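What follows is one structure encoded as structure tokens, with my remarks underneath.
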Amino acid sequence: MLFRRVDENTCFLLYMNHIYSKINSRLQFLLQWTLNKLFYKFVDCGFFRLSAIVLAMLTKTVNHKREAKRILCIGSLASLHDISALIEKSNIHQYLYLKRFYFGYILKKYVDVSEMTADNYHISKLYEKPREKVFKQLSVLFPVLKRILQFDAIMTSNFGYTEQQEFIAVARKNGTPVVVLYKEGLGNRRTLTAMAKSYKHRVSQCDLFLCYNENIKNALLKHNVEGLNNNNVVVTGFPRLDLYTVQVPQESLKQLTFFSFIAEDKFSYIVDDDGVLSLIRKKNILFHEAVIRFAIEHPEYKVVIKTKMSERDLLYAEEIKENYLRDVGSPSNLLITNEGNAMDYIIQSHIVLGANSTVLIEALVADRVVVSLSFSEFFDDSSWDLFEGYEHLLTYISSYEELLGVINNKHRNLVYDKKALDPLFKNFIYSADAMASVRVEKAVSQLLH
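In the working numbering, each residue carries its 1-based index in the sequence shown increased by 1182.
Encoded structure:
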């Protein structure tokens, strides 16, 4: 009787906790919705001091740390993974997060953004006068926002975002330093050269520019990207990769994760021939079908097709599955999703598939079986491949049969020569020493003192 009463009490408490969570979630949603509406209304009416108060209420405190320098982060959502690593592995500063798209709403009030890009923002006469209006209004907003949030610096994850240009210009004019924790630029040397050349009309408005490797630094400086110099560009490595060192491998878990992609997104910038691009598109579909087939024929494995976050990418993978299976039901061990972060899927997997992606570097750091899809038949050299020069360190496949061969020998392939991987890590992520977060916060501390 006593045990029954305890069980009833436990069930009641669990039920009430569930109800409380739902109510709390609903209230948070309503508060966020109300604050968003207020912000848009105040901007529309030109009440920028009131807009600043609302923005302060919309700002999230990522971590609590007394007597620390406060950093306002306005980068992408993906940059929060790096911020999490900074907190877990170094934890010197306090971080706040505010979506930069709020500044985009202010920009759209004065500027026709339909043809605006990061490459014409600073050079087009069309935007000169409207940008001055944005700067003027943000000069009203900024002191109020800083007074409330008491931040010491601003951090973003790229220097090209149009939404942030006037905000960080105002910040620097007001004596607040700006840090770019650059989340782009992982590529082979040819790709980096093309990228740096394409930035000739961009301006990096920052006091400190942190990047993943020496190749990125050298390419940007060689091609004279405005605002960058030898004194403000610092190589730190890849902060979120530090977190792999605190993860415990789940050796008993049988999971294969394929990081899906749309062929055009990876190859259109290096393939001019529509016929070749069409063949690459077809082969990419065949790779997706091979992974689905593997899920059907190997129910003992959990198979994940992880797409990028956009609905477009998810629908792409779902459509391939529907066309391949036709009227046959989807296997229960197959998951196609655009949710979650790459790290979780990599840690839970024994085998990671992808192509031209940084997730393969992450999987190497995590000591997983790394398989790259091969598109070499469509190119005269290896310039298409992110891992150009390091192909011998990865396993490449072109068919379902080759995929099976890798999986059947997974234990042999799982053991990588750590010393052989060091040059690859140095080239792409500076080092796999799990100290990138420490280097980032040290560089920020030196800037702020």
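Even glycine gets a Cβ: it sits at the ideal position worked out from N, Cα and C.
This structure is a prediction, so every number in the text was calculated from the model and none was measured.
When DSSP builds the beta bridges, which residues end up paired with residue i?
i	result
Lys1488	Phe1441, Thr1519
Ile1533	Leu1438, Val1551
Glu1314	Note: Glu1314 sits in no beta bridge, so no partner.
Ala1633	The requested residue 1633 does not occur in the structure, where the chain is confined to residues 1183 to 1631.
Leu1278	Thr1243, Leu1254
Ala1335	Ile1253
Leu1363	Leu1392
Val1385	Glu1408
Considering just the uninterrupted stretch of the beta strand (DSSP E) at residue i, what are its terminal residues?
i	result
Gln1628	Careful: Gln1628 lies outside any beta strand (DSSP E), inside the alpha helix (DSSP H) at 1618 to 1630.
Ile1467	Not the beta strand (DSSP E): Ile1467 falls in the alpha helix (DSSP H), residues 1456 to 1479.
Thr1577	1577 to 1579
Val1417	1415 to 1417
When you compare each of the options to residue i by their alpha carbons, which one comes out closest?
i	options	result
Tyr1287	Gly1342, Phe1221, Tyr1277, Ile1256	Phe1221
Asn1406	Lys1379, Phe1420, Lys1315	Lys1379
Asp1447	Ala1625, Ser1492, Phe1569	Ser1492
Ser1558	Asp1526, Val1588, Phe1317, Leu1461	Leu1461
Asn1590	Val1361, Phe1476, Lys1490, Leu1546	Phe1476
Phe1285	Phe1224, Tyr1426, Cys1393, Leu1268	Phe1224
Ala1524	Phe1341, Leu1438, Gln1332	Leu1438
Ala1499	Phe1440, Glu1479, Val1360	Phe1440
His1275	Leu1237, Ser1296, Ile1336	Ile1336
Arg1371	Asp1567, Val1453, Phe1449	Asp1567
Glu1482	Arg1422, Arg1494, Asn1515, Asn1538	Asn1515
Ala1618	Tyr1572, Leu1425, Lys1251	Leu1425
Lys1242	Leu1254, Glu1249, Ala1234	Leu1254
Val1236	Leu1586, Lys1219, Arg1208	Lys1219
Ser1261	Pro1421, Leu1410, Ile1528, His1480	Pro1421
Glu1366	Leu1209, Ser1306, Thr1358, Met1377	Met1377
Asn1635	Tyr1364, Phe1333, Ser1203	Residue 1635 is absent from the structure shown; the chain starts at 1183 and stops at 1631.
His1246	Cys1227, Tyr1279, Ser1233, Asp1226	Tyr1279
Phe1561	Val1453, Val1510, His1304, Glu1623	Val1453
Val1244	Asp1455, Val1385, Leu1232, His1263	His1263
Leu1606	Ala1401, Glu1573, Val1626	Glu1573
Leu1368	Val1385, Ala1602, Leu1289, Ile1611	Ile1611
Val1486	Ile1528, Glu1297, Ala1537	Ile1528
Tyr1381	Asn1395, Leu1402, Glu1345	Leu1402
Pro1325	Ala1353, Asp1495, Ala1625, Ile1305	Ala1353
Would you kindly report the start and end of the unbroken alpha helix (DSSP H) that includes residue i?
i	result
Leu1392	Taken as a continuous stretch (DSSP letters only), Leu1392 belongs to no alpha helix (DSSP H), being part of the beta strand (DSSP E) at 1390 to 1393.
Gln1347	1347 to 1355
Ala1635	Since the first and last residues shown for the chain are 1183 and 1631, residue 1635 lies out of range.
Met1377	1371 to 1380
Val1588	1582 to 1590
Glu1504	1493 to 1507
Ile1288	1283 to 1292
Whole-angstrom Cβ separation of residue i and residue j, contact assumed at under 8 Å?
i	j	result
His1383	Asp1301	5 Å
Cys1388	Val1360	5 Å
Lys1533	Val1547	Before going on, a small fix: residue 1533 reads as Ile here, not Lys. So it is not a contact: roughly 15 Å between Cβ atoms.
Leu1374	Asn1340	Not confirmed; about 15 Å, so no contact.
Ile1256	Arg1282	4 Å
Val1551	Leu1363	Contact doesn't hold; Cβ gap of about 30 Å is too wide.
Ser1442	Gly1409	Between Gly1409 and Ser1442 the Cβ distance is about 36 Å, and since that is not below 8 Å, they are no contact.
Closer than 8 Å, CB to CB, is residue i near chain B or not?
i	result
Gln1214	No chain B is present in this structure, which holds just one protein chain.
Which runs of the beta strand (DSSP E) fall wholly inside the segment 1220 to 1260 and span at least 3 residues, in chain order? 1252 to 1255, all fully within the segment 1220 to 1260.
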